[in-house]
Amino acid sequence: MKRVILSGYRTGTESATSLTRLEEADPPAGDVRVRTTYLQIPAVTADLMRADPGLPMPGFRIGEPIWGPGVGMVVESRDERLPVGTSVLHRKGWQDEVVVTADEVYPVHPSLPEPYFALNQGVTAYHGMVDIAEIRAGDVVFVSGAAGGVGSLAGQIARNLGAATVIGSAGSAQKVRYLVEELGFDAAINYRDGDLAGQLVKIAPDGIDVFYDNTGGEAFEAAVKVAAHGARFALCGAVSGQLDGGDGAYPRLDVMTAIVKELVIKPFCTPHTPDQVAAWYAHYGRWLAEGKLVYPRTVVDGNVEDAPKVLDDMLAGRYRGNVLLRIG
156 MKRVILSGYR TGTESATSLT RLEEADPPAG DVRVRTTYLQ IPAVTADLMR
206 ADPGLPMPGF RIGEPIWGPG VGMVVESRDE RLPVGTSVLH RKGWQDEVVV
256 TADEVYPVHP SLPEPYFALN QGVTAYHGMV DIAEIRAGDV VFVSGAAGGV
306 GSLAGQIARN LGAATVIGSA GSAQKVRYLV EELGFDAAIN YRDGDLAGQL
356 VKIAPDGIDV FYDNTGGEAF EAAVKVAAHG ARFALCGAVS GQLDGGDGAY
406 PRLDVMTAIV KELVIKPFCT PHTPDQVAAW YAHYGRWLAE GKLVYPRTVV
456 DGNVEDAPKV LDDMLAGRYR GNVLLRIG
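In terms of this note's numbering, the sequence shown is residues 156 to 483.
In structure tokens:
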């Protein structure tokens, strides 16, 4: 079996490629052997390569495999609950084969069009939009980092739950077209064109009711300027600062504007609870079947040793939606 392990901690903007190495080993004995077919490569992987990620989840340890979501097929089994050929979801990460107990994997729900549809960030998107931002029918919604794995689902969730207008921001003309033409956003903004607040107010002259923030920085500052009275802010991430060493994680808050508008600003960062998972999957399969949701993804073909390069390319903005590495 092949697996990618951490060889050094991230202290600045080092590439994942420079901090990992490939290791080959014989698979250990166990109840169930799974051959990985897809790996999900989320942005948080880069944060977890730090000695102290500052997140409510453990970071990676030097000399151990990079863990994370993957989908695979059972190729050997001593447990009758998981016969050979079963597609399962695991969290053993960047390994081409994993050996687990039956309690460490989850059969992929048969309602999904393909097993890899199980690799999504919908729980975060749904929890943030519904429980934190408290989306309501008729809301005008702005999602920053809208072409990413979380943002691209958050915007669609808002639309399906009755938002009047859904606006996204992204970093290229191609991604802007993708949000509108493929994901059904009402409008999208290229933040690289500058004056984000000016662009936003043209689309939402009466202000935005909900801001789902994945980036921090200028997007947060613009949202405060353009917010309607009582707008709800769900702060999910600060990618503009947390990954490239910039100041995007420290946006300026116009406190007087926030007071006058009585803004509700709620950061959230919680491990997924069973209730949150159940709430998302109660809608996910149905929305897919009804054509009300596009599963946003970029699939990259390669092998497990290509995972660090895929992460680096994703952080550089070369992909959109959930980034998946198809093994072999």
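For every residue, glycine included, the Cβ atom is placed at its ideal position computed from N, Cα and C.
query, result
"Can you round the beta-carbon distance between Leu316 and Ile290 to whole angstroms, since I take them to be within the 8 Å contact cut?", "5 Å"
"Can you tell me where the beta strand (DSSP E) holding Arg158 begins and where it ends?", "Lys157 to Leu161"
"Just to confirm the assignment, what range does the alpha helix (DSSP H) spanning Val382 have?", "A small correction: the amino acid at residue 382 is Ala; Val does not occupy that position in the sequence shown. First-last for Ala382: Ala382 to Leu390, but that is the beta strand (DSSP E), not the alpha helix (DSSP H)."
"Return the first residue and the last residue of the beta strand (DSSP E) that Gly227 is part of.", "Gly225 to Ser232"
"Quick one: complete beta strand (DSSP E) runs, 3+ long, within the stretch 225-293?", "225-232, 242-245 and 252-255"
"Within 10 angstroms of the Cβ of Val189, are there 16 or more other Cβ atoms? Answer buried if so, exposed if not.", "buried"
"Are Leu334 and Gly326 close, meaning C-beta to C-beta below 7 Å?", "no"
"What number of angstroms, rounded off, separates the C-alpha of Ala404 from the C-alpha of Ala302?", "19 Å"
"Tell me the DSSP secondary structure of Ala201 in three-state form.", "helix"
"Determine the burial state of Ile414: buried for a count of at least 16 other Cβ atoms within 10 Å of its Cβ, exposed for fewer.", "exposed"
"Taking 8 Å as the threshold, find out whether the stretch 351-369 comes into contact with the stretch 266-273 through three or more Cβ pairs.", "no"
"What did DSSP end up calling Val459 once you bin it into helix, strand or coil?", "helix"
"Is the separation between the beta-carbon of Trp249 and that of Ala471 shorter than 7 Å?", "no"
"To the nearest angstrom, report how far apart Leu274 and Ala386 are at their CA atoms.", "31 Å"
"Assign Ser299 to one of three DSSP states: helix, strand, or coil.", "coil"
"Quick check: Gly214 and Leu203, are their CB atoms within less than 7 Å of each other?", "yes"
"In this structure, what does DSSP give as the bridge partners for Asn315?", "According to DSSP, Asn315 bridges with nothing at all."
"Would you decide whether Ala382 is buried or exposed? Buried here means 16 or more other CB atoms lie within 10 Å of its CB.", "buried"
"Are the beta-carbon atoms of Phe423 and Ile287 separated by less than 7 Å?", "yes"
"Quick one: what does DSSP say Asp467 is sitting in, helix, strand or coil?", "helix"
"Closest by CA to Asp361, which one among Leu351, Thr320 and Gln329?", "Thr320"
"So the candidates are Gly353, Leu479, Arg347 and Val187; which of them puts its Cα closest to the Cα of Asp257?", "Note that residue 257 is Ala in the sequence shown here, rather than Asp. When each option's Cα is compared against that of Ala257, the closest is Val187."
"Taking the beta strand (DSSP E) that Arg190 falls in, what are its first and last residues?", "Val187 to Gln195"
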